Amino acid sequence: MEKTVFLSITNAEKEAHIAAAIIGRENEIFSYEINIENYERILSNPDTPPGTRARLNALVVSEYAERQISLDVYGALKALIAPGALAAAVATAKAKIAPV
């Protein structure tokens, strides 16, 4: 892919945007992990109805697959910021985001 040369986006703005995307991916991965944990908890209950069990098994497989995609993108995003600047960039971006 040919990279676009932007005239109005500075390197600092690019880094801030990437850092915000990293935070978004962390929240996304966290959500997948919560879903997986909850679905597996329900599946561990022997009283879970068969229809629910089948649906939850399908959801667990899907959540693991989507989580892996998010982890891959997360790793790629982190590689776009120099390791020595990563923590500071993410901390700055987090300070600009309203608490959840």
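Using the numbering used here, the letters of the sequence shown correspond one by one to residues -12 to 87.
The C-beta atom is built at its ideal place from N, Cα and C for all residues, glycine as well.
Treat the numbers as computed from the prediction; the structure is a model and nothing was measured.
Inter-residue spacing [alpha-carbon to alpha-carbon] between residue i and residue j
i       : j     : result
Glu2    : Leu58 : 19 Å
Lys78   : Ser18 : A small fix is needed here, since residue 78 is Ala in this sequence, not Lys. Taking the straight line from one Cα to the other gives about 20 Å.
Asn(-2) : Pro37 : 54 Å
Arg40   : Leu73 : 41 Å
Residue i, DSSP secondary structure in three states
i        : result
Ala(-1)  : helix
Phe17    : helix
Val48    : helix
Ile29    : helix
Ile5     : helix
Glu(-11) : coil
Contact under 8 Å by Cβ, residue i with residue j
i     : j     : result
Ile16 : Tyr61 : yes
Which listed residue (the options) has its alpha carbon closest to that of residue i
i     : options                      : result
Asn44 : Ile23, Ala6, Leu64 and Glu53 : Ile23
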